[in-house]
Amino acid sequence: MKQFHLRTGEALVGDGAEVAHIDLLIGRVDGPVGRAYAEVLSRLVEKQEAVQVILEPGMAVKPPTIIVPTVPVRSLRQASMVYGPAQAGVAKAVAKSVEDGILPATDELVIIAKVFVHPTATDRHRVFINNFKAMRHAIRKAMEGRPTPEETTEHAENARHPFRESL
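Each residue of the sequence shown is one higher than the one before, starting from 1 at the first, in our numbering.
Laid out in structure tokens, this is it:
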């Protein structure tokens, strides 16, 4: 664990309004990610409040994880999607990643996950499933060091933004 400083991960799962996109940082609690974790939780940003990820009330996931909405939360319906099924999907993904040995069960690491939930999402089950899958993929990629520089170079020419027809 001493050599572990910073890992990044990203994943996009699904389509339409229920698409899930996760960007995450994993790092030591006594390193830059730990400092960012504390700052994000202590500094409120209107309409993008960070919350600790829980499996159920009184049961936070390990390693400690927070989600931060990518898109400002402007309605109670949107808040219920971000802090309900999206948060639950992230929680289950962290727990499953620990169970599967992808992530160590420790308080020495922390995770910050930026979570995209489309403002018009309505299918709570699909939001849960897509965020579970996106978080699992992002964690796995971070822990495996993917994409590699070679993979990035190889795909750079054909890369496109998934939400635009053309750039």
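We put the CB at the ideal spot given by N, CA and C, even for glycine.
- By the Cβ criterion, the region 144-161 is not in contact with the region 47-64, since fewer than three pairs of Cβ atoms, one from each stretch, lie closer than 8 Å.
- Contact between residue 6 and residue 33 holds: their C-beta atoms lie close to 6 Å from each other, under 8 Å.
- Just measuring C-alpha positions, the residue of 155, 16, 112, 64 sitting nearest residue 9 is 112.
- Between residue 13 and residue 133 the beta-carbon gap is near 4 Å, inside 8 Å, which marks them as a contact.
- By the CB criterion at 8 Å, residue 143 and residue 93 fall outside the cutoff.
- Given a length threshold of 3 residues, each whole run of the beta strand (DSSP E) inside the region 91-133 is given here in chain order: 109-117.
- In this structure residue 42 is exposed. Its beta-carbon is surrounded by fewer than 16 other beta-carbon atoms within 10 angstroms.
- According to the DSSP assignment, residue 20 belongs to the beta strand (DSSP E) that extends over 20-28.
- Residue 68 is positioned such that its CB atom lies closer than 8 Å to that of residue 48.
- Residue state for residue 82 is assigned as helix, using DSSP reduced to three classes.
- CA-to-CA, the gap between residue 127 and residue 110 works out to about 24 Å.
- In this structure, the CA atom of residue 52 is about 38 Å from the CA atom of residue 157.
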